[in-house]
Amino acid sequence: MSCNLKESKGEKASTDQSYVDLMIPQFLSIALLMYFTVAGMKQNKDSCIRFQNGNLKELATAAILTLSAAATNKPTIAASGVAPLLRYYIASSRELTRLSSITKAPILHHFSETIAGIMTIRCFRKEDKLFQGNVDRVNANLRMDFYSNASNEWLGCRIEFIEYVGLALSYALPLNGAVFWMVSLSCTVENKMVSVERIKQFTRIPSEASWRIVNCLPSSDCPYHGDIKIKNLKVRYRSNTPLVLKGISLRINGGEKIGVVGRTGNGKSTLM
């Protein structure tokens, strides 16, 4: 319960599990394919194409050919020249991906709450306020996507420039796409690993106490009829948070039907 109170809705896993199960393995395999393609452009080109169709044996063939060609192959030397650009780009790209995940969840949450409370919204004529709130959340998420796409274009322009300048004599045309996709897919894998990082946080959440605690069992003379008596009840969710219930005292006799009323945030659900 404390985790749900402390973490914002944007910090919850959302689509991270699907990225971990589907997207990251796919992009990782294609990124490895691009590395092998660049490192041994001529020797393992056919093997890489066959591996792309699903033959894992061709990946091993491509790796062996890469090791033999990497020492003298110009594409390997050229690919090492993009490493400084990659380090500079990934520092901002990773954070933009994280911010995009955080700003996406409030859109869906706001939409579902609006659908659930549509009658109340129409009753108080708050359609414009809710509409503007949805626009603001969508804009916040689109800003992150815009900056992420802009950073991709920034990296792509510089990689293309390096390729045309350094490899124009022999490898410019066949290598442009391979280097670009190698770096682009490597960055995509790195960005999607944010999902692994976010899910890992939830694996470290302390477990709740068991339903049956031996030292806290009721005594044998504990009454079992339906009367409920509460005297000066005070409740807070954590030790450093304000009281939610501040000295509640009441008595409910067996068979009585009662109702708890109050404005939002007064502790009705907590009392129940």
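Read in UniProt numbering, the sequence shown has 102 at position 102, and its numbers run on one by one without any break.
Cβ atoms here follow ideal geometry from the backbone N, Cα and C, with glycine treated the same way.
In this text the structure is predicted, and so the values were computed from the model without any measurement.
Work out the CA separation of residue j and residue i for me, nearest whole Å.
i	j	result
H109	A140	14 Å
V235	H225	25 Å
G262	P84	60 Å
K126	D136	16 Å
E153	G267	51 Å
Q93	L245	The identity of residue 93 in the sequence shown is Ser, whereas the question assumes Gln. Straight-line Cα distance between these residues: approximately 45 Å.
S219	G254	21 Å
Y164	G133	47 Å
Q201	E256	45 Å
D145	P206	34 Å
I118	D128	12 Å
V82	L33	18 Å
F180	R143	24 Å
Based on Cα-Cα distance, which residue from the options lies nearest to residue i?
i	options	result
M182	V194, P206, T203, L155	L155
Y19	F131, P206, V165, V196	V196
I230	L271, D221, N191	L271
V138	L99, E160, R94, M119	L99
Y89	E190, E113, F131	E190
F36	Q201, A178, S220, S148	A178
R251	V260, E163, D227	D227
residue 290	S151, I24, M34, E160	Not covered by the structure: residue 290. The range shown for the chain is 1 to 272.
S148	M34, T188, C216	T188
E95	D21, K192, T264	K192
Please work out which residues of its chain come closer than 6 Å, Cβ to Cβ, to residue i, disregarding the five sequence neighbours upstream and downstream, and give them in chain order.
i	result
R104	Rather than Arg, the amino acid found at residue 104 in this sequence is Lys. Cβ neighbours of K104 beyond the five flanking positions: N141.
N232	G247, S249
D16	S195, R198, I199
R158	L85
T114	L130
Using C-beta distances below 7 Å, list every residue in its chain close to residue i, excluding the 5 sequence neighbours before and after it, in chain order.
i	result
I30	L185
When DSSP labels each residue in this structure, what does residue i get in the three-state scheme?
i	result
R251	strand
K129	helix
N240	coil
G262	coil
V196	helix
L33	helix
V20	helix
V82	coil
I118	helix
K104	helix
K268	helix
I228	strand
L96	helix
L245	strand
L233	strand
A209	coil
Leaving out the 5 sequence neighbours to the left and right, which residues in its chain are closer than 8 Å to residue i when beta-carbon positions are compared?
i	result
I107	N134, R137, V138, N141
I77	Because I77 carries a pLDDT of 46, less than 50, the predicted location of this residue cannot be relied on, and no value is offered for it.
F27	L185, T188, V189, K192
inquiry  = Could you check whether the segment 237-256 touches the segment 207-217, counting it as contact only if at least three pairs of C-beta atoms, one from each stretch, sit closer than 8 Å?
reply    = Verdict: no, contact absent.
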